[in-house]
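Residue numbers (full-length UniProt numbering): 1 to 70. Glycine included, each C-beta is placed from N, C-alpha and C at the ideal position. Values in this document were obtained by computation on a predicted structure and should not be read as measured data. Let me begin by presenting the structure, written as structure tokens, before commenting on it.
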Ligand SMILES: [Zn+2]
């Protein structure tokens with residue numbers, strides 16, 4: 001699918017943005033683009049939910065491993 005205007009993102013790009021967002025703050029333009037995509041896409045909001053669940057699980061795991069004596 002060809003981008004129709006500058007804020008249009010493909011699912012692949014949206015997923016890349018959501019993953020990048022885990023590590024760093026996205027530029028405002030990208031946040032808008034991502035929000036726009038999530039508003040029109042059927043699949044990506046599901047992926048976002050999975051990512052949030054995964055992040056919580058990872059957070060808990062990281063917490064445990066930090067407590068581990070070295
Ligand atoms: Zn999508």
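In whole angstroms, what separates the C-alpha of residue 36 from that of residue 7? Translated into positions along the chain shown, residue 36 becomes position 36. Translated into positions along the chain shown, residue 7 becomes position 7. When rounded, the distance between both Cα atoms is 8 Å.
Alpha-carbon spacing of residue 42 relative to residue 56, whole angstroms: Mapped onto the chain shown, residue 42 falls at position 42. Mapped onto the chain shown, residue 56 falls at position 56. Roughly 23 Å separates the two Cα atoms.
Those residues, in chain order, that have a beta-carbon closer than 7 Å to some heavy atom of ligand 1: 11, 14, 37, 41, 43 and 44
Below 8 Å on the Cβ atoms is my guess for residue 34 versus residue 14; work out the distance and round it to an integer in Å. Within the chain shown, residue 34 is the residue found at index 34, counting from 1. Within the chain shown, residue 14 is the residue found at index 14, counting from 1. Right, the Cβ-Cβ distance comes to about 6 Å (below 8 Å), so this counts as a contact.
Going residue by residue through the stretch 2-28, where are the continuous alpha helix (DSSP H) segments of at least 4 residues, counting only ones entirely within it? 11-23
Let's test the definition: count the other Cβ atoms within 10 Å of the Cβ of residue 9 and tell me whether it reaches 16, buried, or not, exposed. Numbered from its first residue, the chain shown carries residue 9 at position 9. It counts as buried.
Could you tell me how far apart the beta carbons of residue 44 and residue 38 are, in whole angstroms, since I believe they sit closer than 8 Å? Position 44 of the chain shown holds residue 44. Position 38 of the chain shown holds residue 38. Confirmed, Cβ separation roughly 6 Å.
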